[in-house]
Each structure stands twice: as C-alpha cells, then as structure tokens.
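Participant: Yeah, the sequence shown ends on 963 if you go by our numbering, and it's all consecutive.
Okay, here's the structure, questions in a sec.
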Amino acid sequence: MKKKFLILTLVCVLTLSLAACLTACSHKHTLTKVDAVDATCTATGNSEYYKCTDADCGKFFSDAEGTEEIEKDSWVIAAKGHSYGEWTVEKAATFFGKGVEKRVCANDASHTESRDIAAIGSTAKVFDSFTVYADASKQGDNGIILNKDTANGTGASTYFGETDKNYDWDGSEMTLAFELDLSALSATDDYTMFVLAFNYKNGDEYTHADEIRFGIVKTDDGFVVNRMDGAADDAANVAAIKGEGSQSFTASKISASFTFAYDADTKEFTYSMTIGGKAFGDITRTELNDLVGLRYLWNARLNKDGVELSNLTLA
C-alpha cells in the first residue's frame, strides 16, 4: 500500500512539472529590440539583442524569434580606450615663448591631447642661442657653461634668437630672469659680470642704446654683488664690485633678474635688479633715443670659467 502511494505521488509531481514546462514553453514573448551601439574610447557599447518586456519574464535573446536565450550583460562591448599617436608640433617654441604640441587618438580623431613645449630659454637648449664669443663655452646639464673667449677677452652673448639683434619691447614693465650656478668661482676674487643691453631704431637698423650691469665676486666667506656702471680690466672690475653699495650672500646657486620699464613720453628708463636675493632699487635715467627692444644678454667680463647660466625667462 505504501509503495503504491509513493508511485502515485511521483506521478503527480511529474505531471505538475510537465504542465509547468508546457506552460512556460508555450509563453509568447513580447520582444523589444535593442540596437547595437559601437563602443567608444571612453564608453561601453553593445551588440544587438532582444528583451522580453513581459512582467513575469524578463529574458534576453540574440534573435528576433526569441529562440536563442542569452545571459544578462553578455551583449556588453568594452570601451576601446585611447590609442594616441606621436606628438606633433602645433606651435613651435620661441626663445621666451612656450610652444604647443598635440597628439590624436587613432580610435577617434576628435579625441586629442595637448601640452606645452617649454620656451627655449628655459631649457638646456639655451646653449644654442649664445652665438657670440661662445666658442669656448660648453653645453651644461641645465644651460650654458660660460667660459672665456680668450681671443676677444670676453664671455658669451645671446641675441635671444633674433637675427636682427632685437627682441621687440613696448616699454611696459618686464622682468628678465635667469639662474646662475657660481660653484666654479672658488678662489677669492674670481668674478663674473653680466650686461643686458637695449636698442633704439636708427632708420632700418636696430642700434645699441643703453645697458644695465651687475658683477659678482668670490670672497673668503661667500660672494658680493654690485650694480656696475662700466667695465675695465679684471682688477678694476673686482674693486668696483666690492666697492660702495655692494651686498653679500653665501649661496652658490642663485637667481638673478633685471626689472625695467620705459616711458616714451618722458624718455625715462627705470630699472632695478635682484641677484642672490639682494635687491638694488629703482634707478631712473633719461634716454636720448626711444628704446624699442632688448639687444643682448652678455657675460661681458670674467676671469674664471665654469659659471652655468640656465632658465632664462622674460615676463
């Protein structure tokens, strides 16, 4: 009797399961097509698929007939990611001006990246722009190693990359700055001197109009710096730098800057300097001719090779 009951129960279960299966298999899906979407560099895509929108179903299929069921999210196509090409120059850097370079994604040309190209004067390539009295000078890690041109008794000079020896300037206040490594000035009275010159326009020619200078001398316990009005032999230069108005500092790696402005109405030229953190206040003088540009930065006098100049900027 017990055996008959178990058999009867099993038959009932199988019957109910078959009925459920027949009901499920006979369900007519209401399918909505989801169109294929291409993946982009940053967004996922999907292949074409169909979704049953019946409340009691929610299945997914790869075909319009609803016979090939698929798993949820199996249609997802991963984002491609960017595949950038080589950097190309959009705008070349100048001596004082930054350039721009760009690269394009191979997967989508509308995706680009841009970055600055450092101004030439702020890089080690500044060496290439010191073209006068520069045969003895050498390429440094950061800029130019300034050595003496013994044949001419002077150091290297740059025209800021300008073939006409003039960097246009409208007279507004600007600061020309650079860095110096003075480690090579190791003995007492080793010295170096820098000159920034300005132009006026003489017909079609740019002509030297004025200049401002400073000198640095090694001392027993550091360095002294001073504004200079001129240049002479080494002994006289050292004496002038150490003379009235000199200021001392100890660091061998320093910043130096000239700040200057010109008023065309009054012809007044005003400048100041800061070297090794030591400031030399505003000096004003009246020019005979209108100043129109910068002419050169020149390591005019030195008695010891090896000072490195780098990061030459104008702002």
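Just so you know, even glycine gets a beta-carbon here, dropped at the ideal spot from N, CA and C.
All of these numbers come straight from a predicted model, not from anything done at the bench.
Keeping to the same chain, check which residues put their C-beta closer than 8 Å to that of A741; ignore five residues upstream and five downstream.
Facilitator: G747, I765, A766, A767 and I768
Participant: To the nearest angstrom, how far is the alpha carbon of F629 from that of S894?
Facilitator: The first residue shown for the chain is 649 and the last is 963, placing residue 629 beyond what the model contains.
Participant: With a threshold of 6 Å on Cβ separation, who are the neighbours of A965 within its own chain once the five nearest residues in sequence on each side are excluded?
Facilitator: Here the chain covers residues 649 to 963 and nothing more, so residue 965 does not appear.
Participant: For A754, which residues from the same chain have a beta carbon less than 7 Å from its beta carbon, with the 5 sequence-adjacent residues on both sides left out?
Facilitator: Within its own chain, the residues whose Cβ lies closer than 7 Å to the Cβ of A754, once the five positions on either side in sequence are excluded, are S731 and G733, listed in chain order.
Participant: Is the number of C-beta pairs between the stretch 942-953 and the stretch 838-849 that are closer than 8 Å three or more?
Facilitator: yes
Participant: Can you name the start and end residues of the beta strand (DSSP E) that D882 belongs to?
Facilitator: D882 -> not in any beta strand (DSSP E); alpha helix (DSSP H) instead, spanning D882 to K890.
Participant: Using DSSP's beta-bridge definition, name the partner residues of S609.
Facilitator: Summary: the structure shown does not reach residue 609, with the chain confined to residues 649 through 963, and so no result is reported for it.
Participant: Leaving out five residues before and five after Y910 in sequence, what residues of the same chain have Cβ atoms less than 6 Å from its Cβ?
Facilitator: G819, F917 and L939
Participant: Looking at the unbroken beta strand (DSSP E) that takes in D930, where does it start and where does it end?
Facilitator: K926 to T934
Participant: What residue does the beta strand (DSSP E) around G893 start on, and which one ends it?
Facilitator: It is not in any beta strand (DSSP E) - G893 carries neither H nor E in the DSSP assignment.
Participant: Using a Cβ-Cβ cutoff of less than 8 Å, which residues in the same chain neighbour G929 once the five nearest sequence positions on both sides are dropped?
Facilitator: S920
Participant: For I902, I'd like the list of residues in its chain whose CB is within less than 6 Å of its CB, leaving aside the five on either flank, ordered along the chain.
Facilitator: L828 and G924
Participant: Would DSSP call S770 helix, strand or coil?
Facilitator: helix
Participant: Within 10 angstroms of its Cβ, does L670 collect 16 or more other Cβ (buried), or is it exposed?
Facilitator: Low confidence applies here, because L670 scores a pLDDT of 42, under 50, leaving its location unreliable; read the following figure in that light. L670 is exposed by the Cβ-count criterion.
Participant: Going straight from the alpha carbon of D882 to that of R751, what length do you get?
Facilitator: Straight across, the Cα-Cα distance linking D882 with R751 is about 53 Å.
Participant: Count the other C-beta atoms from every protein chain shown that fall within 10 angstroms of the C-beta of A835, then say buried if there are 16 or more, exposed otherwise.
Facilitator: exposed
Participant: V685 bridges to which residues according to DSSP?
Facilitator: N694
Participant: Helix, strand or coil: which one does DSSP assign to F709?
Facilitator: strand
Participant: Quick one: using the 10 Å Cβ neighbour count with 16 as the cut-off for buried, is A672 buried or exposed?
Facilitator: Interpretation of A672 is limited by its pLDDT of 48, a score under 50 that renders its predicted location unreliable; the figure taken from the coordinates is listed afterwards. Exposed, by the Cβ-count rule.
Participant: Is there contact between the stretch 792-800 and the stretch 863-873, where contact requires at least three CB pairs shorter than 8 Å?
Facilitator: Note that the stretch 792-800 does not touch the stretch 863-873; fewer than 3 beta-carbon pairs, one per stretch, sit closer than 8 Å.
Participant: Would T680 pass as an interface residue toward chain B - the criterion being a Cβ-Cβ separation below 8 Å?
Facilitator: In the structure shown, chain B does not exist; there is a single protein chain.
Participant: Distance check for A880 and F778, CA to CA, integer angstroms please.
Facilitator: The straight-line gap from Cα to Cα measures roughly 23 Å.
Participant: Using DSSP's beta-bridge definition, name the partner residues of D858.
Facilitator: F846
Participant: Classify L833 as buried or exposed, calling it buried when 16 or more other Cβ atoms lie within 10 Å of its own Cβ.
Facilitator: buried
Participant: From this set, Y697, D877 and T678, which residue's C-alpha is nearest C705's C-alpha?
Facilitator: Sorting Y697, D877 and T678 by C-alpha distance to the C-alpha of C705 places T678 at the top.
Participant: Would you tell me roughly how many angstroms separate the C-alpha atoms of S958 and S905, rounded to the nearest one?
Facilitator: Taking the straight line from one Cα to the other gives about 12 Å.
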